[in-house]
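For reference, the structure is listed below as structure tokens.
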Amino acid sequence: MAGLIINWLIVFSGNALWSEEAIQKKKVDLQWSGFSQFQLDYFQNNTNTFRLRRVRVGLKVETPAGWQMKIQIDPTLTKALLDLKLSLNFTPEVTLHLGQFKIPFSRESLTSSSQLELINLSRVVSLLSPGRDNKAKGRDIGLVLQGKFSSFEGYVGLFNGAGINRQDDNSQKDLAARWLWSPSKKIGLGYSYYQGQPNLITEESTVKKIRNDVEAWWQTERFLLQGEWLWGSRQEIKSEGGYLLGGYDVVAKRLRVVVRLEKINLDKSRTSDDLQVFSFGLTWFFQGRSKLQINYEIHREREIEVKNNIWLAQLQVGF
Numbered sequence: 000m001a002g003l004i005i006n007w008l009i010v011f012s013g014n015a016l017w018s019e020e021a022i023q024k025k026k027v028d029l030q031w032s033g034f035s036q037f038q039l040d041y042f043q044n045n046t047n048t049f050r051l052r053r054v055r056v057g058l059k060v061e062t063p064a065g066w067q068m069k070i071q072i073d074p075t076l077t078k079a080l081l082d083l084k085l086s087l088n089f090t091p092e093v094t095l096h097l098g099q100f101k102i103p104f105s106r107e108s109l110t111s112s113s114q115l116e117l118i119n120l121s122r123v124v125s126l127l128s129p130g131r132d133n134k135a136k137g138r139d140i141g142l143v144l145q146g147k148f149s150s151f152e153g154y155v156g157l158f159n160g161a162g163i164n165r166q167d168d169n170s171q172k173d174l175a176a177r178w179l180w181s182p183s184k185k186i187g188l189g190y191s192y193y194q195g196q197p198n199l200i201t202e203e204s205t206v207k208k209i210r211n212d213v214e215a216w217w218q219t220e221r222f223l224l225q226g227e228w229l230w231g232s233r234q235e236i237k238s239e240g241g242y243l244l245g246g247y248d249v250v251a252k253r254l255r256v257v258v259r260l261e262k263i264n265l266d267k268s269r270t271s272d273d274l275q276v277f278s279f280g281l282t283w284f285f286q287g288r289s290k291l292q293i294n295y296e297i298h299r300e301r302e303i304e305v306k307n308n309i310w311l312a313q314l315q316v317g318f
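What the sequence shown shows, in numbering that gives the first Met the number 0, is residues 0 to 318, in sequence order.
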């Protein structure tokens with residue numbers, strides 16, 4: 000794989016993208032970004048806590064030679080590095096990404112934490128989406144080839160499957176693919192596929208993790224409708240679930256009401272793993288990336304009722 004990448008670079012080095020004339024016309028472009036989230040969790044059993052949910056600082060660099068680099072860290076984490084992505088635009092339609100970044104799977108998983116409609120991810124995405132089911136915040140180390148053609152967009156990539164800031168733990172690579180059709184910015188459909196290899200130390204070599212995701216969205220100036228359905232298997236365990244989210248701006252670009260219905264079953268052979276969550280949210284947007292969110296989650300277990308409903312409040316300050 001490394002030899003193939005080097006050959007690509009040699010071929011494209013003769014292109015105008017790398018010519019001295021083209022380089023002289025460009026300058027290095029630096030873009031800083033960041034946000035912090037301060038949160039209050041108030042559980043139904045009367046326990047509550049303040050916490051720093053996230054503190055993210057990012058830098059995006061675009062070089063004259065056609066390379067882009069994205070770095071993002073979170074100093075509140077033990078392993079602070081989240082993203083280190085190198086991107087090379089071969090043509091306006093084809094880009095190669097290498098490094099550590101989000102796996103191309105699930106619209107909600109790929110959405111920046113600063114732009115989520117509700118404070119928490121849906122349970123189905125956080126528990127079944129690759130890179131999140133292993134607590135890696137949707138990320139892994141690998142490479143992805145991205146293509147854009149008319150209203151279609153596709154991603155195909157190989158990843159370690161071991162999570163962030165870690166080397167591979169087996170001799171195989173995980174496959175991720177995502178295809179999108181979006182005739183306009185207002186509407187779109189997508190499908191994602193992931194096949195992961197096992198940890199050869201702890202699992203049988205024949206075991207594979209399979210994940211599928213179907214997504215759809217429709218958005219106007221003041222209204223949003225979005226949904227996903229995920230399903231897959233690991234060993235004999237089959238899992239499935241999905242969510243439907245709707246949002247409406249009561250005050251345009253200021254006050255938004257959001258409702259989400261979600262359902263997940265981590266093991267279809269056991270009814271005790273069947274969970275439903277109803278989320279209601281209000282978001283007040285300040286200028287830039289700053290906002291205040293207030294959410295209420297109602298949890299409904301199928302067999303054993305647990306008092307785990309929760310109020311959430313989160314203040315985000317960003318730039």
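For glycine and all other residues, C-beta sits at the position ideal for the given N, C-alpha and C.
Note that the structure is predicted; figures quoted are calculated from it, not measured.
Which of helix, strand or coil DSSP assigns to residue i
{"i": "T270", "result": "helix"}
{"i": "L39", "result": "strand"}
{"i": "S149", "result": "coil"}
{"i": "T48", "result": "strand"}
{"i": "D212", "result": "strand"}
{"i": "I309", "result": "strand"}
{"i": "D73", "result": "coil"}
{"i": "S170", "result": "coil"}
{"i": "R299", "result": "strand"}
{"i": "K78", "result": "coil"}
{"i": "G65", "result": "coil"}
{"i": "E227", "result": "strand"}
{"i": "R218", "result": "Checking the sequence, you will find Gln at residue 218 rather than Arg. Correct three-state label for Q218: strand."}
{"i": "R253", "result": "coil"}
{"i": "K207", "result": "coil"}
{"i": "K26", "result": "coil"}
Strand pairing of residue i, partner residues [DSSP]
{"i": "K290", "result": "F284 and Q315"}
{"i": "F89", "result": "Per DSSP, none; premise fails for F89."}
{"i": "A176", "result": "V155 and Y192"}
{"i": "I163", "result": "DSSP, once it has assigned bridges, lists no residue as partnering I163."}
{"i": "K262", "result": "G241 and Q275"}
{"i": "S32", "result": "G57"}
{"i": "S181", "result": "BP columns for S181 are empty, so no partner."}
Nearest-angstrom Cα separation, counted from residue j out to residue i
{"i": "F381", "j": "I118", "result": "Because the chain here runs from 0 to 318, residue 381 falls outside it and cannot be looked at."}
{"i": "L81", "j": "A161", "result": "14 angstroms"}
{"i": "T77", "j": "Y154", "result": "30 angstroms"}
{"i": "H298", "j": "A176", "result": "32 angstroms"}
{"i": "D139", "j": "R131", "result": "10 angstroms"}
{"i": "G67", "j": "V60", "result": "As written in the sequence, residue 67 is Gln, which differs from the Gly given in the question. Cα to Cα, Q67 sits roughly 6 angstroms from V60."}
{"i": "Q313", "j": "N44", "result": "20 angstroms"}
{"i": "L348", "j": "L142", "result": "Here the chain has residues from 0 to 318 only, and residue 348 is not among them."}
{"i": "A215", "j": "S112", "result": "19 angstroms"}
{"i": "F222", "j": "R165", "result": "40 angstroms"}
{"i": "Y242", "j": "Y295", "result": "16 angstroms"}
{"i": "D248", "j": "F158", "result": "39 angstroms"}
{"i": "D40", "j": "N307", "result": "11 angstroms"}
{"i": "T270", "j": "N211", "result": "22 angstroms"}
{"i": "I186", "j": "L224", "result": "9 angstroms"}
{"i": "L254", "j": "L58", "result": "30 angstroms"}
{"i": "F156", "j": "L120", "result": "The amino acid occupying residue 156 in the given sequence is Gly; Phe does not appear at that position. Distance between the alpha carbons of G156 and L120: 24 angstroms."}
{"i": "F284", "j": "Q196", "result": "42 angstroms"}
{"i": "K147", "j": "G317", "result": "30 angstroms"}
{"i": "Q292", "j": "N47", "result": "17 angstroms"}
{"i": "I309", "j": "W230", "result": "27 angstroms"}
Residue i and residue j closer than 8 angstroms at C-beta
{"i": "P103", "j": "S191", "result": "yes"}
{"i": "E261", "j": "R52", "result": "no"}
{"i": "L174", "j": "Q194", "result": "yes"}
{"i": "I263", "j": "L109", "result": "no"}
{"i": "S232", "j": "L265", "result": "no"}
{"i": "L83", "j": "G65", "result": "no"}
{"i": "I72", "j": "V56", "result": "yes"}
{"i": "L244", "j": "V257", "result": "yes"}
{"i": "V27", "j": "T75", "result": "no"}
{"i": "V124", "j": "S149", "result": "no"}
{"i": "E152", "j": "L179", "result": "yes"}
Ordered list of alpha helix (DSSP H) runs contained in the segment 88-145, each at least 4 residues: 106-109 and 122-127
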